[in-house]
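Chains as they are written, first to last, in the UniProt record's numbering: chain U, 1 to 382; chain H, 1 to 382.
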């Protein structure tokens, strides 16, 4: 399959590109490398050293004998997007190329506006180019479980059957996103749903949970193939951040009570899920929604789990309940459906102590790269 | 009350500004006058001659003895927005200042992107300026009934109680917008809902139906106070467009079967509704949603109604069923709640033959201003 991985320099995109390449697909990465610039802006870096895209791709070719094409550019630049579609003629377009941090979107007005314009316009450009050049191409769009918020009823996969005043319909599941970033994904979802209906685009919206883990079969082959992993308060996410905090002797930073329950998955399952979506494309005109996660945990549960594994390793990790910088419920009902990818054959990697131990060991190995100044949350929702 | 009418040069904004001024409120208009540029772009003009903003305001001062302040600028320019809030310190901000035509948003990629960026960024800027400078100010935002689409269940006002798997919650009503324009309003609604929750902003989202009519007590006082009214296939809307078509001997252009049912209201009721919202503000942190319309009609019903009134006036108007340029259901269930504004005291002006006759007469008077080349729909959804 000819498949584009947009955002292929990022945490999910890079291992996805290698995974599809390894499987024998013809892969192209589209990226403007802006994720590296955000590190500079925030005074942080990946825990793991990451090679330049040029080095990444040449090492991959040497290791695997397979080449990955690279298009350097910004999805906000429509001429660039159209060129990519014309030149590569993809059968599937995996769209990770968005600003994906909720705290980054909440830094200030400029970051909120940047996040929404970057994400919404980039996605619109992809839809228009797809309509014009490869109308049969399958858009595999990364959404987020955070689009749903924390309703007091079960979360379904994209749609819900509603009975009301003696009639019924299946309607898009109501959205209550958590941040300007999560809002941008809701905007994207609505735009894509419309493009499917109006133009017959085929699309799968993957409402992904929080991704943890680091290593995949491909990225661990050579240090120059290593994936990035974030420890800072802006891009670092629960679990990965806790493991790094434990390794460097920092408190595990739980925001408020920690009863916030979210959906999680192993990065290896991200690759599996995207592959399952690609191999089983949506129908023409179908806006298909999968909830892409394997387990749900409260933030405090995860901190305690990391604390316990650290203890077995001889590390005393303290859990600190910071004043919550976010506006969110700290105790709430949470139950989200996630059967559609299982039905397609997903074999989950459930969270294991071994994975946590491995992350702590990796973090210990690279602890000199961790700046403690950027670990605590800096952006506030208020 | 100190009240800003953003978009105060437009079809709804101008009469709203005069109405509040007449009632003794301190009014400021914010507008970049871009609506006049879109006329030039599309090769059309208002049926009625419209004076410059300078003339409009000086005639109003001479007629009423009341002055309206005018801020010339674009809501996408945050420094301008912040200046307006600091200088005027509004208690209410009525936000009409968006690109409001569905066909305009569907012309091509550039117009789709323009519409979403213009509307979403302008609205974000208003929210951020309000938070910073006048956190108690009441945002009265014009949404559209088109956010809901045409679900097979009753449409409620913003929220719906859902029972599901033995639990229940009141959630935002699911949205299925019709065009990139309608999508921009859905994006705005989600952004405002979040700002209310995170920052305690008070907001009322007025999901308005299609507005018909032209005259208000204030705009008819002097030709230089006249409101604009559109006949072209891009900005002209059902009913008003049909009346003008009847007057100039053009077919009444019904798209497809004409069974598309929509919500409608008289422009005088727009003013009443905005006034009721302003005098009864939302609570701090409340995202209040009103469905702002008085009656629902199918497009064909309206064409037939205009045809009948025209016949009484001695005009034979033919109804032409054009190939539908839009992707929409032409026969569907439609029943939308609209009690909240009635509960606040709205006294509807229901559609009358007299109003239709008056519009046809006005159109006859200005028929030389109607270019027949721009009446048919030019933008397609496909």
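Using N, Cα and C, we set each Cβ at its ideal position, and we do this for glycine too.
Can you tell me whether residue i is buried or exposed? The criterion is at least 16 other CB atoms within 10 Å of its CB, across all chains shown.
i: residue 165 of chain U; result: exposed
i: residue 48 of chain U; result: buried
i: residue 278 of chain H; result: buried
i: residue 122 of chain H; result: buried
i: residue 218 of chain U; result: buried
i: residue 101 of chain H; result: buried
i: residue 308 of chain H; result: exposed
i: residue 139 of chain U; result: buried
i: residue 311 of chain H; result: exposed
i: residue 294 of chain U; result: buried
i: residue 28 of chain H; result: buried
i: residue 99 of chain H; result: buried
i: residue 240 of chain U; result: buried
i: residue 318 of chain H; result: exposed
i: residue 189 of chain H; result: buried
i: residue 67 of chain H; result: exposed
i: residue 39 of chain H; result: buried
Establish whether the CB of residue i and some CB of chain U are separated by less than 8 Å.
i: residue 175 of chain H; result: yes
i: residue 168 of chain H; result: yes
i: residue 194 of chain H; result: yes
i: residue 15 of chain H; result: no
i: residue 325 of chain H; result: no
i: residue 126 of chain H; result: no
i: residue 133 of chain H; result: no
i: residue 384 of chain H; result: Absent from the model: residue 384 of chain H. The displayed extent of chain H is 1 to 382, so no value can be given.
i: residue 116 of chain H; result: yes
i: residue 172 of chain H; result: yes
i: residue 162 of chain H; result: yes
i: residue 186 of chain H; result: yes
i: residue 288 of chain H; result: no
i: residue 338 of chain H; result: no
With a cut-off of 8 Å, does the C-beta of residue i fall near any C-beta of chain H?
i: residue 77 of chain U; result: no
i: residue 202 of chain U; result: no
i: residue 154 of chain U; result: yes
i: residue 322 of chain U; result: no
i: residue 284 of chain U; result: no
i: residue 263 of chain U; result: no
i: residue 197 of chain U; result: yes
i: residue 254 of chain U; result: no
i: residue 102 of chain U; result: no
i: residue 112 of chain U; result: yes
i: residue 151 of chain U; result: yes
i: residue 382 of chain U; result: yes
i: residue 83 of chain U; result: no
DSSP beta-bridge partners for residue i?
i: residue 172 of chain U; result: U:159
i: residue 30 of chain U; result: U:6, U:71
i: residue 144 of chain U; result: U:208
i: residue 266 of chain U; result: U:212
i: residue 164 of chain U; result: U:167
i: residue 198 of chain H; result: Residue 198 of chain H pairs with nothing; no bridge assigned.
i: residue 254 of chain U; result: U:321
i: residue 138 of chain U; result: U:92, U:202
i: residue 414 of chain U; result: Beyond the ends of chain U as shown, which are 1 and 382, falls residue 414 of chain U; an answer cannot be given.
Is any heavy atom in the ligand COA found nearer than 7 Å to the beta carbon of residue i?
i: residue 370 of chain U; result: What this structure holds is no ligand at all, so the ligand COA is not there to describe.
Where are the alpha helix (DSSP H) runs, 4 residues long or more, that stay fully inside the segment 272-334 of chain H, in chain order? Listed in chain order, the complete alpha helix (DSSP H) runs (minimum 4 residues) inside the segment 272-334 of chain H are 299-312.
Length-filtered (4 minimum) alpha helix (DSSP H) runs lying within the segment 81-129 of chain U: Runs found: 102-105.
Spell out a yes or no on whether the segment 132-141 of chain H and the segment 208-221 of chain H are touching, meaning 3 or more CB-CB pairs, one atom from each, closer than 8 Å. No: fewer than three Cβ pairs fall under 8 Å.
Please determine if the segment 332-339 of chain H and the segment 147-154 of chain H are in contact, where contact requires at least 3 C-beta pairs separated by less than 8 Å. Yes, the segment 332-339 of chain H is in contact with the segment 147-154 of chain H.
If you scan the segment 33-72 of chain U from start to end, which runs of the alpha helix (DSSP H) of 4 or more residues do you find wholly inside it? With a minimum length of 4 residues, the continuous alpha helix (DSSP H) runs that stay inside the segment 33-72 of chain U are 34-42, 53-64.
How do the segment 218-234 of chain H and the segment 58-78 of chain H stand: do at least 3 beta-carbon pairs fall below 8 Å, yes or no? Pairwise C-beta distances place the segment 218-234 of chain H in contact with the segment 58-78 of chain H, as three or more of them are shorter than 8 Å.
Which runs of the beta strand (DSSP E) at least 3 residues long sit entirely within the segment 332-374 of chain H? Give them in chain order. Entirely contained in the segment 332-374 of chain H, not one beta strand (DSSP E) run reaches 3 residues.
Counting Cβ pairs, one atom from each stretch, are 3 or more of them under 8 Å apart for the segment 282-299 of chain H and the segment 256-271 of chain H? Here the segment 282-299 of chain H makes contact with the segment 256-271 of chain H; the two share three or more CB pairs at distances below 8 Å.
Stretch pair the segment 339-351 of chain H + the segment 268-275 of chain H: three plus CB contacts closer than 8 Å: Cβ pair count under 8 Å is three or more, so yes.
Determine contact between the segment 85-94 of chain H and the segment 273-287 of chain H, defined as no fewer than three beta-carbon pairs at a distance below 8 Å. Yes, since at least three Cβ pairs between the segment 85-94 of chain H and the segment 273-287 of chain H fall closer than 8 Å, the two stretches touch.
Using 8 Å as the Cβ pair cut-off and three pairs as the minimum, do the segment 35-42 of chain U and the segment 111-118 of chain U touch? Judged by Cβ distances under 8 Å, the segment 35-42 of chain U makes no contact with the segment 111-118 of chain U, as fewer than three pairs qualify.
Indicate whether the contact test is met: 3 or more Cβ pairs, each with one atom in the segment 195-205 of chain U and one in the segment 346-355 of chain U, closer than 8 Å. With the cut-off at 8 Å, the segment 195-205 of chain U and the segment 346-355 of chain U do not touch.
Taking 8 Å as the cut-off, does the segment 238-258 of chain H touch the segment 356-367 of chain H (at least 3 CB pairs, one atom from each stretch)? Under the Cβ criterion (8 Å, minimum of three pairs), the segment 356-367 of chain H counts as touching the segment 238-258 of chain H.
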